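Here numbering that gives the first Met the number 0 is used: the first residue of the sequence shown is 0, the next is one more, and so on. In this text, a Cβ means the ideal position worked out from N, Cα and C, and glycines have one as well. Since the model is a prediction, treat every value here as computed from it, not as a measurement. Heads up, the thing below is written out as C-alpha cells.
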Amino acid sequence: MKGKQESAPSTIDARYNTPLPIPPKTGDMFSELVKYSKRLELAALLRARGLYVRWHAYEYLLGLDGRIVGVLLLEPTKRVAWLYMARHVPRTAQEEVAKTVSSIIKELDPDMRIKVLRLSLE
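Structure follows, in C-alpha cells:
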C-alpha cells in the first residue's frame, strides 16, 4: 500500500502488556556462559575436578571434603564471576578452590574476569 509505513516489531506482549523477553546474545557482547549448556558444562567440569557443586541458574554452591567452601556467582552479561570464599576454610583449600574455579572459567571464556572475596560469618 502506498503511503503506509511498516512499523517496527513490537517489544510489548499484547496479552499481558509486559515487555517481551530479550533473548541472550553471545559473541563480543556477552560471555558464552550466558548459555545454559555452557553453565551446565561449568558445573560438570567443577565436579570432575573434585568439587561438590549445587547449581541454580547463575549461582554455584561449592564444597570440598564434605564442607561448604564458597559460592560462585556469574554475571555473564558483564563478563564477571564472583567467588565468595568462607573464611573458616583453611587458606590452602581456599587457594586450591580459587585456582580450580579460575582455570575452568578461563577455559570456557578467556575474557571472563574472576574476583575472589573472602568472607567472615561474624
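Query	Result
Given residue 81, which residues of its chain have a CB within under 6 Å of its CB, disregarding the five upstream and five downstream residues?	72, 114
Do you know how far the Cα of residue 76 is from the Cα of residue 55?	17 Å
Relative to the C-alpha of residue 64, which candidate in 33, 52, 74 has its C-alpha closest?	52
Please report the Cβ distance between residue 36 and residue 86, rounded to the nearest whole angstrom; I am assuming they are in contact, meaning their Cβ atoms lie under 8 Å.	Not a contact, Cβ separation roughly 34 Å.
Considering only residues of the stretch 34-75, which uninterrupted alpha helix (DSSP H) runs meet the minimum length of 4 residues and lie entirely inside it, listed in chain order?	35-47
So which of 89, 92, 104 has the shortest CA-CA distance to residue 59?	104
How is residue 88 classed by DSSP in three states: helix, strand or coil?	coil
Quick check: the Cα distance between residue 48 and residue 110, rounded to an integer number of angstroms?	22 Å
Out of curiosity, what's the CA-to-CA distance linking residue 43 and residue 57?	14 Å
Assuming residue 78 is part of the beta strand (DSSP E), what are its boundary residues?	From DSSP, residue 78 is part of no beta strand (DSSP E); its letter is neither H nor E.
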